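A.B. asks: One structure coming up, written as structure tokens, with questions to follow.
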Amino acid sequence: MTGKKIKEILNLRRIKQYGETTLGKLTIEGVDKSWFVLEPGGPDSIVEGSDKRISAGTYKVEPFSGTKYKNVYELKNVPGRTYVLIHAGNYHKNTEGCLMPGKSWGVLKDSHYYVSNSKVALKEIFLEIGKYKEIEIRVTNQLEK
Numbered sequence: 291m292t293g294k295k296i297k298e299i300l301n302l303r304r305i306k307q308y309g310e311t312t313l314g315k316l317t318i319e320g321v322d323k324s325w326f327v328l329e330p331g332g333p334d335s336i337v338e339g340s341d342k343r344i345s346a347g348t349y350k351v352e353p354f355s356g357t358k359y360k361n362v363y364e365l366k367n368v369p370g371r372t373y374v375l376i377h378a379g380n381y382h383k384n385t386e387g388c389l390m391p392g393k394s395w396g397v398l399k400d401s402h403y404y405v406s407n408s409k410v411a412l413k414e415i416f417l418e419i420g421k422y423k424e425i426e427i428r429v430t431n432q433l434e435k
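Yeah, the sequence shown ends on 435 if you go by the working numbering, and it's all consecutive.
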């Protein structure tokens, strides 16, 4: 037995909400690195197509490839929602409920957060989690007041 983990755990801690966006910090257990994540604003929603963030909770993460997004990951068993993906994107207009990682973040003049270098962040994350058969993400709301 080598002691290598067979399960990887991602932690997404939502930290800020501004306009129609939510900003979070993503960490991976055992990895000394973190990323920012852009999602739609709150409140948490179980309504498909609502353009609101998903409910806080723990979800299984599996590889996914579709016509628009290839070789990404999907959060499974999200209450009331389907095709919640982890994919590249920098602005609110690039998501309808998915998680978009970035290396840094900022604020647009029209009161939205954005993330930058999303493709680089995505590649880094996928390199870390691609080694594991079992992946889960824990999403928590720890928004600043």
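All residues carry an ideal CB built from backbone N, CA and C; glycine is no exception. No experiment lies behind these values; they were computed from the predicted model shown.
Pull up the distance between the alpha-carbon of Leu313 and that of Leu375, whole angstroms please.
C.D. replies: Residue 313 sits at position 23 when you count from the first residue of the sequence shown. Residue 375 sits at position 85 when you count from the first residue of the sequence shown. So the alpha carbons of these two residues sit roughly 16 Å apart.
A.B. asks: May I have the straight-line CA-CA distance separating Val351 from Ser406, to the nearest angstrom?
C.D. replies: Against the sequence shown, residue 351 aligns to sequence position 61. Against the sequence shown, residue 406 aligns to sequence position 116. Using only the alpha carbons, I get a separation of about 23 Å.
A.B. asks: Can you give the Cα-Cα distance for Leu417 and Leu316, rounded to whole angstroms?
C.D. replies: For the purposes of this step, residue 417 is identified with residue 127 of the sequence shown, where counting begins at 1. For the purposes of this step, residue 316 is identified with residue 26 of the sequence shown, where counting begins at 1. Computed Cα separation, rounded: 15 Å.
A.B. asks: Name the one or two DSSP bridge partners that Val374 has.
C.D. replies: Locating residue 374 in the sequence shown gives position 84, counting from the first residue. Partner(s): Leu365.
A.B. asks: Near Met291, which residues of its chain fall below 6 Å by C-beta distance, leaving aside the five closest residues on each side in sequence?
C.D. replies: For this step, residue 291 is matched to residue 1 along the sequence shown. Any reading at Met291 needs caution, since the residue's pLDDT is 44, under 50, leaving its predicted position unreliable; the model's value is listed next. The answer is none, since no qualifying residue turns up.
A.B. asks: Kindly give me the distance between the Cβ atoms of Ile296 and Lys423, rounded to whole angstroms, as I take these residues to be in contact under 8 Å.
C.D. replies: As a first step, residue 296 is located in the sequence shown; it is residue number 6 there, counting from the start. As a first step, residue 423 is located in the sequence shown; it is residue number 133 there, counting from the start. The Cβ separation is near 6 Å, so the contact holds.
A.B. asks: What would DSSP say about Leu302, mapped onto helix, strand or coil?
C.D. replies: For the purposes of this step, residue 302 is taken as residue 12 along the sequence shown, with counting starting at 1. Three-state DSSP puts Leu302 in a strand.
A.B. asks: Hey, would you say Val491 sits closer than 9 Å to Gly320, going by beta carbons?
C.D. replies: Since the first residue of the chain shown is 291 and the last is 435, residue 491 is not available in this structure.
A.B. asks: Please classify Glu434: is it buried, with 16 or more other beta-carbons within 10 angstroms of its beta-carbon, or exposed?
C.D. replies: Indexing the sequence shown from 1 puts residue 434 at position 144. Answer is exposed; the Cβ neighbour count stays below 16.
A.B. asks: Give me, in chain order, the residues of the same chain whose beta-carbon lies closer than 7 Å to that of Gly331; leave out the 5 immediate sequence neighbours on both sides.
C.D. replies: Position 41 of the sequence shown holds residue 331. These residues qualify, in order along the chain: Gln307, Gly309, Glu310, Thr311, Thr312, Lys342, Arg343.
A.B. asks: Distance, Cα to Cα, Pro353 vs Asn361?
C.D. replies: Taking the sequence shown and counting its residues from 1, the one referred to as residue 353 is at position 63. Taking the sequence shown and counting its residues from 1, the one referred to as residue 361 is at position 71. In a straight line, the C-alpha of Pro353 is about 7 Å away from that of Asn361.
A.B. asks: Helix, strand or coil for Ile427 per DSSP?
C.D. replies: Within the sequence shown, the letter at position 137 stands for residue 427. It is a strand residue.
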